[in-house]
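A.B. asks: One structure follows; several queries about it will come next.
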Amino acid sequence: MGQKASLVVDVEIDAPVEVVKALVGITRLPWLESNSRQFKDFPSFPEWSSWSIEPVVSSKKIDDLMPMEKMKVSVKDAKLTATLIRNDPGVFEWEGGLWPLVTGRHEFSWRASTKTPGGATFTQRENWYGLIVFLWKPGWVIGRSAKRNFEEFSAEVKREAERRAVGL
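If you count the sequence shown from 1, you need to add 573 to reach my numbering.
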């Protein structure tokens with residue numbers, strides 16, 4: 574389809590990967606049960622994040638979504654309906670946009686850090702393609718805005734994970 578653009582933002586988190594996974598993953602940790610709100614607990618998601626993600630079908634839970642089911646994604650003022658691609662223990666990925674103008678595939682992943690002893694690395698990755706994707710390239714206004722939004726969300730994940738890790 575012609576043009577492509579991509580963006581990757583990593584953040585080092587001074588919290589065990591299990592805490593980050595409980596926050597942005599699909600696993601609940603029994604020892605965090607009293608404070609176990611997590612990324613996919615969408616009613617409480619806005620308490621710590623500027624983003625929101627929820628199933629289109631309100632009776633569904635995000636952990637019950639299967640690939641190809643729809644979600645509503647809101648990043649500040651941008652809202653879109655996305656299709657779930659993967660909902661695995663190590664990756665949460667969706668795709669959405671205004672095809673053929675621009676479509677993006679967004680991924681959250683987390684792993685044990687190689688830089689922060691006992692910590693985690695949280696990664697956001699997005700690949701865009703379409704007729705107007707040049708606007709998402711570095712240096713263009715939408716590309717700069719996307720990078721800023723990714724960095725802000727990653728900082729929110731870091732802050733919340735480190736807050737939850739205190740006292741473990």
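We put the beta carbon where it would ideally sit given N, CA and C, even for glycine.
If you measure between the beta carbons of Thr689 and Glu585, is that distance less than 8 Å?
C.D. replies: The residue labelled residue 689 in the question sits at position 116 within the sequence shown. The residue labelled residue 585 in the question sits at position 12 within the sequence shown. Their beta carbons are under 8 Å apart, which means Thr689 touches Glu585 by this criterion.
A.B. asks: From the DSSP output, in three-state form, read off Asp650 for me.
C.D. replies: The sequence position of residue 650 within the sequence shown is 77, counting from 1. Here Asp650 sits in coil by DSSP.
A.B. asks: Of the residues Leu580, Gly575, Asp583, Lys594, which one's Cα is nearest the Cα of Ala734?
C.D. replies: Along the sequence shown, one-based indexing puts residue 734 at 161. Closest option to Ala734, Cα to Cα, is Lys594.
A.B. asks: Between the Cα of Pro619 and those of Gln576, Trp672, Phe726, Val664, spot the shortest distance and give me the residue it belongs to.
C.D. replies: Here residue 619 is taken as the residue at index 46 of the sequence shown, counted from 1. Selected option, being the one with the closest Cα: Phe726.
A.B. asks: Going straight from the alpha carbon of Gln697 to that of Asp583, what length do you get?
C.D. replies: Within the sequence shown, the letter at position 124 stands for residue 697. Within the sequence shown, the letter at position 10 stands for residue 583. Roughly 6 Å separates the two Cα atoms.
A.B. asks: In angstroms with no decimal places, state the Cα-to-Cα distance between Val714 and Ser623.
C.D. replies: For the purposes of this step, residue 714 is identified with residue 141 of the sequence shown, where counting begins at 1. For the purposes of this step, residue 623 is identified with residue 50 of the sequence shown, where counting begins at 1. Approximately 20 Å, taken between the alpha carbons.
A.B. asks: Step through the CB atoms of chain C and report whether any lies within less than 8 Å of the CB of Arg684.
C.D. replies: Going by chain labels, chain C is absent from the structure shown, which holds only one protein chain.
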